[in-house]
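Going by my numbering, the sequence shown opens with residue 3, and the numbers climb by one from there.
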Amino acid sequence: MPSSSQFARMRQGFGEKSPEAKAAINIHDFFTLMAVRIVLAQLKSHSAEAHKELMEFVDRNSLNDGDKFCADLMRESPRHKALALRILEVRSSYCKEDFEWDNMQRLAAQVWQTYFFALPYKCC
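Listed below in structure tokens is the structure:
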């Protein structure tokens with residue numbers, strides 16, 4: 003087990019956040035992207051106008067920061083605020099009920115093993 007000073011050195015380059023904390027933020031932003039895609043699919047079938055408005059907003063705004071995207075969407079108009087609240091609701095539901103956390107951990111380990119063992123042979 004590394005000492006606290008060794009652990010602090012291992013985190014260099016990650017700022018104040020651990021790699022796991024940074025991964026959690028990335029997953030959180032990914033869930034926003036998934037929620038936007040789900041809401042767009044729902045709107046496409048029953049509200050062409052709302053679908054068009056959300057698509058236009060997505061085209062003008064980055065989804066790299068999910069919370070900023072939703073906050074900006076809420077400020078756009080009352081109708082956009084309702085869309086943002088729907089996205090937040092879907093994001094929460096997706097995280098709690100649909101995302102397969104155990105499968106992600108298994109797949110991440112599988113990807114790591116594949117590249118760990120295959121990359122040296124691909125490079126040389």
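Even for Gly, the Cβ is constructed at its ideal location relative to N, Cα and C.
Where does residue i sit, in a helix, a strand or coil, going by DSSP?
{"i": "lysine 54", "result": "helix"}
{"i": "methionine 106", "result": "helix"}
{"i": "asparagine 69", "result": "First, the residue type needs correcting, since residue 69 is aspartate and not asparagine in the sequence shown. Aspartate 69: helix per DSSP, three-state reduction."}
{"i": "asparagine 28", "result": "helix"}
Do you know offhand how far residue i's Cα is from residue j's?
{"i": "lysine 54", "j": "phenylalanine 119", "result": "46 Å"}
{"i": "leucine 87", "j": "aspartate 67", "result": "16 Å"}
{"i": "aspartate 61", "j": "proline 80", "result": "19 Å"}
{"i": "serine 95", "j": "serine 20", "result": "26 Å"}
{"i": "leucine 42", "j": "tryptophan 114", "result": "33 Å"}
{"i": "aspartate 104", "j": "alanine 111", "result": "11 Å"}
Just to confirm my understanding: we take residue i, look at its own chain, exclude 5 residues before and 5 after, and list those with CB closer than 7 Å. What are they?
{"i": "lysine 83", "result": "Met76"}
{"i": "glutamine 8", "result": "Note that glutamine 8 scores 49 on pLDDT, short of 50, meaning its location in the model is unreliable and no value can be drawn from it."}
Using a Cβ-Cβ cutoff of less than 8 Å, which residues in the same chain neighbour residue i once the five nearest sequence positions on both sides are dropped?
{"i": "leucine 90", "result": "Ala37, Cys72"}
Enumerate in chain order the residues of its own chain whose CB-to-CB distance from residue i is below 6 Å, with the five nearest sequence positions on each side excluded.
{"i": "cysteine 97", "result": "Phe33"}
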